[in-house]
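Protein chains in written order, with the numbering used here: chain A, 1 to 364; chain B, 1 to 503.
Below, the structure is given as structure tokens:
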């Protein structure tokens, strides 16, 4: 438990005075993410948030936990588990141990995301140090709060470009009473996508749906009777379905990107698309998660641009998640007015462009 | 508070007068929908908070997004303020017109563009009514979850502007959780697409920023929302308690059991009595607090949890518990709660609805303090409460025809909001700041935080012509407000290196 806010503010003020930029580091689990260009390694001085850690308050009956940004997910998960609660968005720790601040900054959520929301959905409030070294607090610890702009959710996926998150208040949820996973033979990815979307139209306690290498994996969680009844129905409708052992590690390995699919250093592309979008590039190496809404491709044969051109307008986009060339852009291009708006908003929080320059886009 | 628009010919900025501007708009909008005369403008002079009235320079009702774009473009060039409006059901005067500005009604852009049952999305024009989305999705077994109590009339664009909630948001979230994408026109009339069909997109989450931004950042011309499968079953458990404290504990006990109800509402005795007199739902009028707990999902889940909740309420000392047996009974039990506002309207000439949010554990304390204030102001107050998520709606009863009574009511309201902030809550859970709560922003936020809001606004709207005077107060007004003794020191407030502390 340590509060190093004053030290962080001083580092920000010093950097601003000396005209240096800062590379915000939480627990370092997502160092691979974003661009690896200019600001990050060449010019950015590391500013470490990991020591700013500790759970500040936790009220199980209010469903709210507040922690300093450097607090590890492992610590938070352990505390929640004692009270029968959880982070419903199943954030990945990427093998090591992620911080809650970095999880929010990179907007990382696990397999349950389509049904139980993302870290962005669950954040209630935060404290932030902006580029002027000012300590600000937005949102709060209550479920509903529409006073002022939603600066808390704005940090989700902003990759630290708008300031240093120092504290996060987050909505937590009860752990489900029962959970059951099924696996079904399903040769075609397209058929897998169709089945998942059809199931998602029904009132089922679905919390995971993934297609990988000829198999469809489903997870149900909730009241015991509801889980049991859903599983029985699926086994009846889809012969050849069987349940995975209760101690299976499929979902945690999927979340942590530890499945065989994720090994090696071939570029890993992330497609964030409408769940029912038809399967793209049949025959390529795919993993389909989030009920069809998040799709992973391993390929060294494509560029960011060529993959983004595959996705019909309005139906989603592609980013280079890991490996491959990270000196150019790794996130999809933006229309000029949207890009200009990003630059103005960046300037509104960080006029001297101190924080993570070039980490998300070369121009940001 | 009522003022007639008086800037009909000239304006200090050299902008065109009313007649000239009306002529310009009439070139591309049906002149019947370019309204310049005060009498026809009358319905647009306020939103649901009718204490705040103002006639605009002009009212326009375009029919297409291209027309909206052109209106914005023209106003931008001439520095004319623009206030966008949906159905005008808002409760914070967020859609109150500007005397020198254009009131831009989106009500005629009311088409449902597409329902995609497989992707479970709906693509909507801004003026589509909230309830009509669920009606259109029903044949596919789908619905749109956020259900503000004005859902029969309110529009989806208004919901986006206010980040509207409803009685089911504890389980299904607010508007921000259910909107996937928008087409946004900037103040200059530039079109920007945010989000779409996917669950997230690269870059800053501007979609989160736009939800709840009260029309200060842009005008939405198209919205894509998520649809959910209609639950197989829903059941309501109603329980009466002798004390608010006991009811509050019962809410905590349900959550502690690991149950997230679809809705969890509380009413105090004033609200119970008024609602029962209004619609005879069978509420126990001798109770001091009433809980309505709705459970939905698969038949098995609902049966399991309804039994559990009934037992919890009994263990927590409920004086009576009733579980709905069929849809008719469930609808009847909800009817009392849903008509609580008009019911209270019958026992008082006027009422003023507040919208603070508090940590649930503070409920009994806050209600007790409010009762003391009620006595000192000599004004009655009834409470309905989204107990699951801590959103309190105190209804202050007053008579606007008694000189000074509305002013006292506003003071009472301001004191309630300050109390909400003091116990760790906020000044508005779902109704927005608008004009109504703009002074109380100084209680919840420091000057540095408000300055950050202004910087965000300037990034979208440098000249400040979109919905001016709403949402975020000018810093000098905050200092004046705090100097009058309204400042409350919230718990554990941070200080920046040049922070202005509240007194």
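Ideal Cβ positions, reconstructed from N, Cα and C, are used throughout, including at glycine.
Asked, Found
"Answer yes if the region 369-385 of chain B comes into contact with the region 428-445 of chain B, meaning at least three C-beta pairs across the two stretches below 8 Å, and no otherwise.", "no"
"The beta strand (DSSP E) spanning residue 233 of chain B covers which residue range?", "233-241"
"Taking only beta-carbon atoms, is residue 235 of chain B less than 8 Å away from chain A?", "no"
"Throw me the rounded Cβ distance for the residue 55 of chain A and residue 11 of chain A pair, which I believe falls under 8 Å.", "Contact doesn't hold; Cβ gap of about 24 Å is too wide."
"Pairs of beta-carbons, one from the region 117-131 of chain B and one from the region 155-162 of chain B, closer than 8 Å: are there three or more?", "yes"
"CB of residue 153 of chain A to nearest heavy atom of the ligand COA: below 7 Å?", "The model depicted lacks the ligand COA and carries no ligand whatsoever."
"By the criterion of Cβ-Cβ separation under 8 Å, what are the contact partners of residue 331 of chain A in chain B?", "202, 203"
"Name the two residues that bound the continuous alpha helix (DSSP H) containing residue 447 of chain B.", "447-460"
"The beta strand (DSSP E) with residue 169 of chain A in it runs from where to where?", "164-171"
"Determine whether the Cβ of residue 290 of chain A lies closer than 8 Å to any Cβ atom of chain B.", "yes"
"Leaving out five residues on either side along the sequence, give the residues of the same chain with a beta carbon under 8 Å from the beta carbon of residue 16 of chain A.", "131, 132, 133, 352, 354"
"By the criterion of Cβ-Cβ separation under 8 Å, what are the contact partners of residue 198 of chain B in chain A?", "272, 273, 274, 293, 315, 316, 317"
"Measuring CA to CA, which of A:192, A:247, A:224 is closest to residue 218 of chain A?", "A:192"
"Are the C-beta atoms of residue 436 of chain B and some chain A residue less than 8 Å apart?", "no"
"Listing by chain order, which chain B residues have their CB less than 8 Å from the CB of residue 30 of chain A?", "Those within 8 Å of residue 30 of chain A in chain B number zero; the least Cβ separation is about 15 Å."
"Which residues, taken in chain order from the region 409-430 of chain B, show a beta carbon closer than 8 Å to some beta carbon of chain A?", "424, 425, 426, 427, 428, 429, 430"
"Restricting to Cα atoms, I'd like to know which of B:148, B:65, B:80, B:234 is closest to residue 463 of chain B.", "B:80"
"Helix, strand or coil: how does DSSP classify residue 35 of chain B here?", "strand"
"Taking only beta carbons into account, state which residues of the region 358-391 of chain B come closer than 9 Å to chain A, listed in chain order.", "358, 359, 360, 361, 386, 388, 389, 390, 391"
"Considering Cα atoms alone, identify which of A:223, A:326, A:213 is closest to residue 266 of chain A.", "A:326"
"So, for residue 196 of chain A: in the same chain, excluding its five sequence neighbours on each side, which residues have a beta-carbon less than 6 Å away from its beta-carbon?", "209, 291, 292"
"So, using beta-carbon positions, are residue 260 of chain B and residue 392 of chain B closer together than 8 Å?", "no"
"Give, in chain order, every residue of the region 135-160 of chain A whose Cβ lies closer than 9 Å to some Cβ of chain B.", "135, 136, 137, 138, 139, 140, 141, 142, 143, 144, 145, 146, 147, 148, 149, 150, 151, 152, 153, 154, 155, 156, 157, 158"
"Could you tell me whether the Cβ of residue 177 of chain B comes closer than 8 Å to any Cβ of chain A?", "yes"
"Using the Cβ count rule (16 or more neighbours within 10 Å means buried), how would you classify residue 363 of chain A?", "exposed"
"Comparing C-alpha positions only, which one of A:29, A:159, A:360 sits nearest to residue 106 of chain A?", "A:159"
"Could you name the residues of chain A that residue 354 of chain B contacts, counting a contact when the two beta carbons are closer than 8 Å?", "Correct list: empty, because the minimum Cβ distance to chain A is about 13 Å."
"Let me confirm a value: residue 207 of chain A is counted as buried when at least 16 other C-beta atoms fall within 10 Å, else exposed. Which label applies?", "buried"
"List the residues of chain A that residue 441 of chain B touches, going by C-beta distances under 8 Å, in chain order.", "147, 148"
"Classify residue 14 of chain A as buried or exposed, calling it buried when 16 or more other Cβ atoms lie within 10 Å of its own Cβ.", "exposed"
"Going along the chain, which residues of the region 237-265 of chain B sit with their C-beta nearer than 9 Å to a C-beta in chain A?", "251, 252, 253, 255, 256, 257, 258, 259, 260"
"Against residue 36 of chain A, what residues of chain B qualify as contacts under a CB-to-CB distance less than 8 Å, listed in chain order?", "Those within 8 Å of residue 36 of chain A in chain B number zero; the least Cβ separation is about 16 Å."
"What's the C-alpha gap between residue 206 of chain B and residue 23 of chain B?", "35 Å"
"How about residue 77 of chain B and residue 55 of chain B: are their beta carbons less than 8 Å apart?", "no"
"Based on the DSSP secondary-structure assignment, which residues constitute the bridge partners of residue 181 of chain B?", "B:195, B:224"
"Closest Cβ-Cβ distance between residue 125 of chain B and chain A: below 8 Å?", "no"
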